[in-house]
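Notes to accompany the following structure.
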Amino acid sequence: ACLDRIEALNPVLNAFVALDADSALAQARAVDARRAAGEELGPLAGVPIGVKDNFCTTDFPTTCGSRMLRDWVPPYDATVVTRLREAGLVIVGKTNMDEFAMGSSTETSFFGPTRNPWDTDRIPGGSGGGSSAAVAALMVPLAVGSDTGGSIRQPGSVTGTIGVKPTYGGVSRYGLVAMASSLDQPGPVTRTAEDAALLQQIIGGYDPRDSASIDQSVPDLVAAAAATDLAGVRVGVVAEFRGDGYEQGVLDRFDEAIEVLRAAGAEIVEVSCPAFTYALPAYYLIQPAELSSNLARFDGMRYGLRVGDDGTASAEQVMNLTREEGFGREAKRRIIIGTYALSAGYYDAYYGSAQKVRSLIQQDFDRAFASVDVLVSPTTPTVAFRVGERTADPMSMYLADLCTIPSNMAGNASASFPAGLSEGLPVGLQVMAPPMADERLYRVGGVLE
Ligand code: GLN
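The UniProt record's numbering puts the last residue of the sequence shown at 477; the count rises by one with no breaks.
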């Protein structure tokens, strides 16, 4: 059924960039065989899943939405992928994304934009718009994404799906093509809180191959998602995340969601997190800085695209030509910003200041979580915007992540849950919890359903 659905809708939505129906059916049969042989498989065995195209897979190219890696088939699987295979999930294909996960609309992909199933003139969010559109359009019940500044949660919000960014270090980054290493975090994209909990329990947990991986067991997220009340839960509404720039329809759905939480027994208080206002500008120094360093490996020498190697060109000429043709405009813009912010003489003023802001954001969270269990805000200030509407104006594109970035900067757990529609388009509610308290996200999300 999933394959039929993908075949019917993918020509319009462009959610999958690689698909292998024969392999999917073979994987499904292999699950049957494992069961027949007496192997105890978990509840998601045999369930089809889409994987964002920045997770390494040995049976599909891993392009990161970039010409640079168009034909690259990795020699190893990401830990997330290995764990999906072990649990018997059926990897149907790879999902579209903004180039190297930079963007909020899935329009910078070398393979063209993904469309929002709710209105195909609109964007599905980004960078993981392919995963969220695929789940929203019922092409697959589950997908995985990666979230550096909002790329799981913001697409979740604008496609009416659930997107979870686990605690930094909660899900292994091994084999996730690095974008901004201190912020990147894989996580689930689903239609129900229980599905997301089941999926995080499979992909999450300690991995010695990720130096940031936290050596603790994953709490019982499925039990948390089954909660039906919020008695004794203190919910802090972030005062800074409303006002100018927030659509009225988004604020209305947000206020209604708060009433649902209150009716379920939660205590609602307003909390001020003044440093959150500086999260976006600080992110756009730290993220490009780390990105410029991570993308240095795409040099036309080691793997991926190589341009201009005619036997007479110097290595430097090949590198120049490869990077000129291999990277799109947004990647180049951020490499330039990042190398500038890291250059001698500017390092302290830009990168150093941004790191100080990061500490202030962390302190705001610490202060808030001393008196509340979770924080909430709209996931994104507006509903899905139109394809092409923000491509000429990077600043307006960056604003889509205004509310999601603080959680990446502090490394805490955060998720977006559907909170109804505004003029026929989905609105998301963001829930933020302290590091390693991911179960609180699921408890609130379970009640919202
Ligand atoms: N939209 C943000 C950016 O462009 C976040 C991307 C992400 O989370 N991967 O950097």
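Backbone N, C-alpha and C define an ideal beta-carbon position, used for all residues, glycine too.
The structure displayed is predicted, hence computed values, not measured ones.
Alpha-carbon to alpha-carbon, residue j and residue i
{"i": "residue 28", "j": "glutamate 127", "result": "Any property of residue 28 remains undetermined from this structure, which presents the chain solely from 29 to 477."}
{"i": "phenylalanine 413", "j": "arginine 150", "result": "6 angstroms"}
{"i": "aspartate 60", "j": "glycine 116", "result": "9 angstroms"}
{"i": "methionine 347", "j": "aspartate 99", "result": "18 angstroms"}
{"i": "isoleucine 363", "j": "valine 288", "result": "44 angstroms"}
{"i": "isoleucine 34", "j": "methionine 130", "result": "25 angstroms"}
{"i": "alanine 240", "j": "arginine 281", "result": "36 angstroms"}
{"i": "arginine 113", "j": "alanine 324", "result": "31 angstroms"}
{"i": "glutamine 345", "j": "phenylalanine 326", "result": "14 angstroms"}
{"i": "threonine 136", "j": "proline 152", "result": "13 angstroms"}
{"i": "threonine 189", "j": "cysteine 301", "result": "27 angstroms"}
{"i": "glycine 264", "j": "alanine 294", "result": "10 angstroms"}
{"i": "serine 371", "j": "alanine 420", "result": "27 angstroms"}
{"i": "aspartate 337", "j": "glutamate 352", "result": "14 angstroms"}
{"i": "threonine 256", "j": "arginine 290", "result": "12 angstroms"}
{"i": "alanine 54", "j": "tyrosine 234", "result": "30 angstroms"}
{"i": "cysteine 431", "j": "serine 381", "result": "20 angstroms"}
{"i": "arginine 357", "j": "threonine 305", "result": "27 angstroms"}
{"i": "leucine 37", "j": "serine 160", "result": "14 angstroms"}
{"i": "serine 450", "j": "leucine 279", "result": "10 angstroms"}
{"i": "alanine 369", "j": "asparagine 322", "result": "15 angstroms"}
{"i": "glutamate 417", "j": "phenylalanine 269", "result": "23 angstroms"}
{"i": "glycine 191", "j": "phenylalanine 393", "result": "21 angstroms"}
C-beta contact flag for residue i and residue j at 8 angstroms
{"i": "leucine 166", "j": "aspartate 223", "result": "no"}
{"i": "glycine 154", "j": "serine 133", "result": "yes"}
{"i": "valine 172", "j": "asparagine 144", "result": "no"}
{"i": "aspartate 466", "j": "alanine 438", "result": "no"}
{"i": "valine 385", "j": "alanine 310", "result": "yes"}
{"i": "proline 141", "j": "valine 415", "result": "yes"}
{"i": "glycine 474", "j": "glycine 184", "result": "no"}
{"i": "residue 9", "j": "tyrosine 378", "result": "For residue 9 there is no data in the structure shown, the boundaries of the chain being 29 and 477."}
{"i": "threonine 195", "j": "proline 463", "result": "yes"}
{"i": "alanine 208", "j": "glutamine 315", "result": "yes"}
{"i": "glutamine 390", "j": "arginine 181", "result": "no"}
{"i": "glycine 121", "j": "glycine 78", "result": "yes"}
{"i": "alanine 341", "j": "methionine 329", "result": "no"}
{"i": "proline 454", "j": "tryptophan 146", "result": "yes"}
{"i": "phenylalanine 83", "j": "leucine 204", "result": "yes"}
{"i": "glycine 177", "j": "leucine 211", "result": "yes"}
{"i": "arginine 262", "j": "serine 424", "result": "no"}
{"i": "alanine 251", "j": "leucine 388", "result": "no"}
{"i": "isoleucine 242", "j": "arginine 111", "result": "no"}
Residue i - containing beta strand (DSSP E), residue span
{"i": "phenylalanine 445", "result": "441-450"}
{"i": "alanine 171", "result": "170-174"}
{"i": "glutamine 390", "result": "Careful: glutamine 390 lies outside any beta strand (DSSP E), inside the alpha helix (DSSP H) at 381-397."}
{"i": "proline 454", "result": "453-461"}
{"i": "leucine 226", "result": "Careful: leucine 226 lies outside any beta strand (DSSP E), inside the alpha helix (DSSP H) at 221-231."}
{"i": "threonine 350", "result": "Unbroken run through threonine 350 is the alpha helix (DSSP H), 343-354; no beta strand (DSSP E)."}
{"i": "arginine 262", "result": "262-266"}
{"i": "glutamate 295", "result": "295-299"}
{"i": "proline 216", "result": "214-218"}
{"i": "isoleucine 119", "result": "118-123"}
Cβ distance (whole Å) where residue i is taken to contact residue j below 8 angstroms
{"i": "serine 174", "j": "glutamine 228", "result": "The Cβ separation is near 14 angstroms, so there is no contact."}
{"i": "glycine 366", "j": "leucine 319", "result": "5 angstroms"}
{"i": "phenylalanine 445", "j": "leucine 476", "result": "5 angstroms"}
{"i": "phenylalanine 138", "j": "serine 179", "result": "Actually they are not in contact, since the Cβ atoms of phenylalanine 138 and serine 179 sit about 17 angstroms apart, beyond 8 angstroms."}
{"i": "proline 71", "j": "cysteine 30", "result": "The pair is not a contact, with the Cβ atoms about 17 angstroms apart (cut-off 8 angstroms)."}
{"i": "alanine 162", "j": "threonine 123", "result": "6 angstroms"}
{"i": "leucine 333", "j": "methionine 96", "result": "5 angstroms"}
{"i": "leucine 469", "j": "alanine 443", "result": "4 angstroms"}
{"i": "valine 246", "j": "glycine 232", "result": "4 angstroms"}
{"i": "proline 409", "j": "glycine 273", "result": "5 angstroms"}
{"i": "valine 118", "j": "alanine 65", "result": "Going by Cβ atoms, the distance from valine 118 to alanine 65 rounds to 18 angstroms, so no, they are not a contact pair."}
{"i": "lysine 80", "j": "methionine 125", "result": "6 angstroms"}
{"i": "alanine 267", "j": "glutamate 298", "result": "5 angstroms"}
Residue range of the unbroken alpha helix (DSSP H) whose run includes residue i
{"i": "leucine 282", "result": "Reading off the sequence, residue 282 comes out as phenylalanine, not leucine. Residues 276-291."}
{"i": "leucine 53", "result": "49-64"}
{"i": "serine 321", "result": "307-322"}
{"i": "isoleucine 180", "result": "Counting along the chain, isoleucine 180 falls outside any alpha helix (DSSP H), and DSSP gives it neither H nor E."}
{"i": "arginine 362", "result": "357-370"}
{"i": "leucine 37", "result": "30-41"}
{"i": "valine 250", "result": "249-253"}
{"i": "isoleucine 433", "result": "433-438"}
{"i": "leucine 476", "result": "466-476"}
Any non-hydrogen atom of the ligand MN within 7 angstroms of residue i CB
{"i": "alanine 310", "result": "In the structure on display, the ligand MN does not appear, and the ligands it does have are the ligand GLN."}
query: Counting Cβ pairs, one atom from each stretch, are 3 or more of them under 8 angstroms apart for the segment 195-202 and the segment 100-112?
result: yes
Note to self: So, does the segment 86-98 touch the segment 39-47, judging by three or more C-beta pairs under 8 angstroms?
What the structure shows: yes
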